[in-house]
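Peer 1: Taking this note's numbering as reference, the numbering of the sequence shown is continuous, increasing by one, and the terminal residue is 1406. Yeah, the Cβ is synthetic: ideal placement off N, Cα and C, and Gly gets one too. Remember, it's a predicted structure, so these values are computed and weren't measured experimentally.
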Amino acid sequence: MKRALVTGGSGAIGAAVCRQLAADGYAVIVHAHSNLKQAQQLSAEIIANGGAACAVSFDITDTQATKAALEELLAGGAIQILVNNAGIHDDAVMPGMRPEQWTRVIDVSLNGFFNVTQPLLMPMIGTRWGRIINLSSVAGVMGNRGQVNYAAAKAGLHGATKSLALELASRGITVNAVAPGIIVSPMTETAFPKETINSMVPMKRAGRPEEVADLIAFLASDRAAYISGQVISINGAMA
1168 MKRALVTGGS
1178 GAIGAAVCRQ
1188 LAADGYAVIV
1198 HAHSNLKQAQ
1208 QLSAEIIANG
1218 GAACAVSFDI
1228 TDTQATKAAL
1238 EELLAGGAIQ
1248 ILVNNAGIHD
1258 DAVMPGMRPE
1268 QWTRVIDVSL
1278 NGFFNVTQPL
1288 LMPMIGTRWG
1298 RIINLSSVAG
1308 VMGNRGQVNY
1318 AAAKAGLHGA
1328 TKSLALELAS
1338 RGITVNAVAP
1348 GIIVSPMTET
1358 AFPKETINSM
1368 VPMKRAGRPE
1378 EVADLIAFLA
1388 SDRAAYISGQ
1398 VISINGAMA
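#1: Helix, strand or coil for alanine 1344? Go by DSSP, reduced to three states.
#2: Does the segment 1342 to 1358 come close enough to the segment 1295 to 1312 to have 3 or more Cβ pairs within less than 8 Å?
#3: On the DSSP bridge assignment, give the partners of isoleucine 1399 in chain order.
#4: Note down the Cα distance separating alanine 1194 from leucine 1287, rounded to an integer number of angstroms.
#5: Output the distance between the C-alpha atoms of proline 1266 and valine 1272, rounded to the nearest integer angstrom.
#6: Using a 10 Å radius around the Cβ and a threshold of 16 neighbouring Cβ atoms, would you call leucine 1333 buried or exposed?
#7: Does DSSP put asparagine 1282 in a helix, in a strand, or in coil?
#8: Quick one: what's arginine 1153 bridged to in DSSP?
#9: Rounded to the nearest angstrom, what separates alanine 1358 and leucine 1188 at their Cα positions?
#10: Just to confirm before moving on: does the CB-CB distance between valine 1351 and arginine 1312 stay below 7 Å?
#11: Start and end of the beta strand (DSSP E) containing asparagine 1251?
#12: Can you name the start and end residues of the beta strand (DSSP E) that asparagine 1301 belongs to?
#13: Where in the segment 1182 to 1239 do unbroken runs of the beta strand (DSSP E), each at least 3 residues long, occur, reported from the N-terminal end onward?
#14: Would you kindly report the start and end of the unbroken alpha helix (DSSP H) that includes methionine 1405?
#15: Might you give, ordered along the chain, the residues of its own chain that have their beta carbon closer than 6 Å to the beta carbon of arginine 1170, omitting 5 neighbours on each side?
#16: Out of curiosity, what's the CA-to-CA distance linking serine 1366 and alanine 1404?
#17: For glutamine 1207 and chain D, any beta-carbon pair shorter than 7 Å?
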């Protein structure tokens, strides 16, 4: 059974991805940082539904802690599917942005990507099969007022995705990014009233986490073996 690690697996999109990958027959490792209890509950739910799962907790911005946690996981075999879903936003217009707002957002999305991905690569290469899927955002594609830090972090992931895809193409490993638009979550319910969604999204609705999970599950499958180095938007025709 192939193993899949989903960082930020306790959030709205992350949880949907974990459920779908488990339903597709993968052993899912649900990662959390501050929400370990939520990750454990999700893991228990997956197991109760006949799937395979476990929960782990570590800070992806802490290089040594991440390395130690991954070494422990790799003792059980290579992780062949990685969904880099963990991310934060700390919004402010650039003239009023504090240095720590810039640093923290970049740290989680870009340094976190490196800290988690790099230690998994050689074991993955050894199996000659792998899928790496990085969660971006419409902000990284189009930009967004008040999110210069977040957009920069996600756009940085696009360059990393394309470059890593080139490095791993001959090893049976694909690397892609998925860029969701407005997706239903506790945060978007307050940040995006229905009138705002109607004006921003041609489809006049927010996407569902399960729709993002379906795309990610496809990219993680054998059917997507010839898709790599792509940034795929899922945003209701916003762009």
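Peer 2: Reading it off the structure:
#1: strand
#2: The segment 1342 to 1358 is in contact with the segment 1295 to 1312.
#3: Val1345
#4: Approximately 16 Å between the Cα atoms of the pair.
#5: 10 Å
#6: exposed
#7: helix
#8: Because the chain is modelled from 1168 through 1406, residue 1153 falls outside the range shown and cannot be assessed.
#9: 29 Å
#10: No, these two residues do not count as a Cβ contact at 7 Å.
#11: 1248 to 1251
#12: 1297 to 1302
#13: 1194 to 1199, 1219 to 1224
#14: Looking at the DSSP string, methionine 1405 is not in any alpha helix (DSSP H), and its letter there is neither H nor E.
#15: Ala1194, Ile1246
#16: 12 Å
#17: Reference to chain D is not applicable here, since this structure consists of a single protein chain.
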